[in-house]
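Q: Residues 69 to 313 in the working numbering are what the sequence shown spells out, letter by letter. We put the beta carbon where it would ideally sit given N, CA and C, even for glycine. One structure, pasted below without further comment.
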Amino acid sequence: MKAAVLIQARSRSTRLPGKCFLPMPFRISLSVVERVYSQVARSGIQCYFLIPDDDEDLRRHLVEKKLPFLTGPEHDVRERYRKAATALHLDVIVRATADNPFTDPDHIVLSLNRMKEVGVELFSFTDLPLGAAVEVFTMQALMTDTPEEKDIHREHVSLHIKHHPERFAVLHESSPVMMSWRRRTQYGGPLPRLTVDERRDYDTLVAVAERLEEDSLIGLLDLFLAMPGLFEGNRDVEQLRFDRG
């Protein structure tokens, strides 16, 4: 089973343009996209950025930083994934995004293993902090067209899978790592927001990175309990969400 992490990225974000180039320091100076790559690469699985065909600023940055990438349509993101997955001869795709500098590499591996164990076509963990998780799906499901498709199914890679449970086997479940952490800490409240959509997100995560001693999901969560005020700056940022179906 050949798998790769495909990281959706572009430099023309509407809410925070150029956010992928902003510095995200953690012990060494990295841009946001470099930090994302360093995180997902720790999974030991091949990783590629998927960028729009004409995003020359991001192309130059990735070339300069010697980070691998493939290109495709800007607005038909699903086609961008289909094109890349075909070129790489993948069986399974791990979808990540360049918004998430704290993507957890351990959950990339756990997600792939769990998908294989249960034999579904799309799998994700549901209870990680926003920005820490990935989703995995099969090449066959990615390439399957479904009835009555809309623009949203091209803009959002896996919605055509989630919207047709009669056709695809989909599983979302709790993470054993998170269940263990909650038992240990007895914490039952909301989790921090670890994605970058707006300036408040970026400023908050830079402050977190500056205080983080153990670069792991558990290290982040323990810091959240020890210093909750660090994470307050983006607590009220509205997250755009799409129906799972």
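1) Distance check for D213 and L291, CA to CA, integer angstroms please.
2) So what's G257 in DSSP terms, helix, strand or just coil?
3) Taking the beta strand (DSSP E) that T206 falls in, what are its first and last residues?
4) Tell me, please, which residues DSSP counts as bridged to P244.
5) Which stretch, first to last residue, makes up the beta strand (DSSP E) that contains A72?
6) Bridge partners of A109, per DSSP?
7) May I have a chain-ordered list of the alpha helix (DSSP H) segments no shorter than 4 residues that lie completely inside the region 101-189?
8) What residue from G140, S111, Y116 and C115 has the CA that sits closest to E124's CA?
9) As a quick exercise: from E281, A294, N302 and E142, pick the residue whose alpha carbon is nearest that of E93.
10) Taking the alpha carbon of V305 as the point to measure from, which residue in D271, D283, V276 and A277 has its own alpha carbon closest?
A: The relevant details are as follows:
1) 44 Å
2) Correct three-state label for G257: coil.
3) E203 to T206
4) BP columns for P244 are empty, so no partner.
5) A71 to Q76
6) Beta-bridge pairing links A109 to no other residue.
7) 124-132, 145-155 and 173-186
8) G140
9) Here residue 93 turns out to be Pro, not Glu, going by the sequence shown. Checking every option, the nearest Cα to that of P93 belongs to E281.
10) D271
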